[in-house]
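J.: One structure follows; several queries about it will come next.
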Amino acid sequence: MQSGIPTAIEWLDGKLRILDQSKLPWEQIFVNLDNYHDVALAIKEMKVRGAPAVGVAAAYGIALGASGIETASKDEFLVQLNRVLQTFAASRPTAVNLFQAIKRMEKAARGGSIAEMKRSLINEAKRIHQEELTATKKLSQLGAEFIRDGFTVLTHCNTGPLATAGYGTALGIIKAAKEQGKKLSVFVTETRPLLQGARLTTWELKREGIPVTLITDSMAGYFMQQRKIDCVIVGADRIAANGDVANKIGTYTLAVLAKENKIPFYIAAPTSTIDLSLSSGDKIPIEERSPEEVTHIQGVPIAPEGVRAANPAFDVTPHSYITAIITEKGIIKEPYKKGLKEMGSGSS
Ligand code: MRU
144 MQSGIPTAIE WLDGKLRILD QSKLPWEQIF VNLDNYHDVA LAIKEMKVRG APAVGVAAAY
204 GIALGASGIE TASKDEFLVQ LNRVLQTFAA SRPTAVNLFQ AIKRMEKAAR GGSIAEMKRS
264 LINEAKRIHQ EELTATKKLS QLGAEFIRDG FTVLTHCNTG PLATAGYGTA LGIIKAAKEQ
324 GKKLSVFVTE TRPLLQGARL TTWELKREGI PVTLITDSMA GYFMQQRKID CVIVGADRIA
384 ANGDVANKIG TYTLAVLAKE NKIPFYIAAP TSTIDLSLSS GDKIPIEERS PEEVTHIQGV
444 PIAPEGVRAA NPAFDVTPHS YITAIITEKG IIKEPYKKGL KEMGSGSS
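Mapped onto the working numbering, the consecutive letters of the sequence shown carry residue numbers 144 to 491.
This is the structure in structure tokens:
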């Protein structure tokens, strides 16, 4: 439990225990996952979601998959492990933390006996988890300097402990500013279609005792124009080498509105979200989810039956709209290419 918010991802007695985020805020249901198929499904169905949390869950899932392989042949072990890695690679395409975790897990299984490889995979998953914890705590402390006493911050989607298996990114910065004794309040967009803002972010902020106002996505421009917002801080799912950022659908709209209204627009992310292999944001794969998530809310239809709907889960904000990218290694500003190359050197 981190400051009133139940632990969303935990390795317990050789199993992965997750808090089912699709049921929040109405029910707090913990699920014990003892095989990799269920972990991959939990990621697909967004019981675990948020870029860093998906990477951590996948790492534990791969360790579980490896533990379940029964063979005395090393070659056969590696063939089966590869199947496990491929299953996770196919779970969600946009957040790069998932692919960074897969790459690290693949490396951790190079060398030693089968028993040693199994052990080293569990240890590597724990390391990835611990690193996300440390990184999100650090970046939150660094980012808190951008929040002045009395600020109202606008945020989108969900970026707290639930989404990071750590301290949080955008929400971590907000928490750190409060811990520094600053008075602040937060406007949260509901984040259609799956309502991560309304369901999860307001839930986390209430538990942290931080004043929160929920708005629909389309109200953001109005409040910016009314000078009610001092800055916007959001997370990221993948940051390309030139500083373009993929994040939850609607982020781009907020960035354009912020620039129009001369409001600083910050991205908060651990360096595990940086993908130096992609030169720009137009190369980031955007997940297309089921149209039913748009035509229905929590299973209740909100549109005529059979109507066509589109559902891209993320969009890309060009770097020219971003005031700064806040990472655990430091603050990156224009020219993004240079700063990201230095700080993202541990990534792909
Ligand atoms: O589809 P989701 O809920 O996994 O999307 C989450 C987001 O877009 C977050 O803003 C992003 O992962 C940053 S999380 C710290």
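Don't be surprised by glycine CBs; every beta carbon is placed ideally from N, CA and C. In this text the structure is predicted, and so the values were computed from the model without any measurement.
If isoleucine 469 sits next to leucine 282, beta carbons under 8 Å apart, how far is it from one beta carbon to the other, in whole angstroms?
T.: In the sequence shown, counting from the first residue as 1, residue 469 sits at position 326. In the sequence shown, counting from the first residue as 1, residue 282 sits at position 139. With a Cβ gap of about 5 Å, isoleucine 469 and leucine 282 count as contacting.
J.: Taking buried to mean at least 16 other C-beta atoms within 10 Å of its own C-beta, is phenylalanine 173 buried or exposed?
T.: Taking the sequence shown and counting its residues from 1, one reaches residue 173 at position 30. Per the 10 Å Cβ criterion, exposed.
J.: What's the call for asparagine 225, buried or exposed, on a 16-neighbour Cβ count within 10 Å?
T.: In the sequence shown, counting from the first residue as 1, residue 225 sits at position 82. Answer is exposed; the Cβ neighbour count stays below 16.
J.: Is asparagine 266 buried or exposed, if buried means 16 or more other CB atoms sit within 10 Å of its CB?
T.: Along the sequence shown, one-based indexing puts residue 266 at 123. By the 10 Å Cβ count, asparagine 266 comes out exposed.
J.: Look at the alpha carbon of alanine 308 and the alpha carbon of alanine 151, and state the distance between them as a whole number of angstroms.
T.: On the sequence shown, position 165 is the one that residue 308 refers to. On the sequence shown, position 8 is the one that residue 151 refers to. Alanine 308 and alanine 151: Cα-Cα distance of roughly 6 Å.
J.: For a test of your reading of the model: does the CB of asparagine 390 fall under 7 Å from any non-hydrogen atom of the ligand MRU? Yes or no.
T.: The residue given as residue 390 occupies position 247 in the sequence shown. Checking every heavy atom of the ligand MRU against the Cβ of asparagine 390, one is found closer than 7 Å.
J.: For the beta strand (DSSP E) containing lysine 158, list its first residue and its last residue.
T.: The count along the sequence shown starts at 1 and reaches residue 158 at position 15. Per DSSP, lysine 158 belongs to the beta strand (DSSP E) from 158-162.
J.: Grab the span of the alpha helix (DSSP H) containing phenylalanine 294 for me, first residue to last.
T.: By 1-based counting over the sequence shown, the position of residue 294 is 151. Not the alpha helix (DSSP H): phenylalanine 294 falls in the beta strand (DSSP E), residues 294-298.
J.: Please report the straight-line C-alpha distance between isoleucine 205 and threonine 394, rounded to a whole angstrom.
T.: For the purposes of this step, residue 205 is taken as residue 62 along the sequence shown, with counting starting at 1. For the purposes of this step, residue 394 is taken as residue 251 along the sequence shown, with counting starting at 1. Whole-angstrom Cα-Cα distance: 31 Å.
J.: Note down, in chain order, each residue of its chain lying with its Cβ closer than 6 Å to the Cβ of aspartate 156, except the 5 sequence neighbours on either side.
T.: Taking the sequence shown and counting its residues from 1, the one referred to as residue 156 is at position 13. Counting only Cβ-Cβ distances below 6 Å, and skipping sequence neighbours, we find nothing.
J.: Closer than 7 Å: is that where the CB of threonine 307 sits relative to any heavy atom of the ligand MRU?
T.: One-based indexing of the sequence shown puts residue 307 at position 164. Correct: threonine 307 has its Cβ closer than 7 Å to the ligand MRU.
J.: Helix or strand or just coil, what does DSSP make of tyrosine 495?
T.: What is shown of the chain runs 144 to 491, which leaves residue 495 out entirely.
J.: Is alanine 233 buried or exposed, if buried means 16 or more other CB atoms sit within 10 Å of its CB?
T.: If you number the sequence shown from 1, residue 233 lands on position 90. Per the 10 Å Cβ criterion, exposed.
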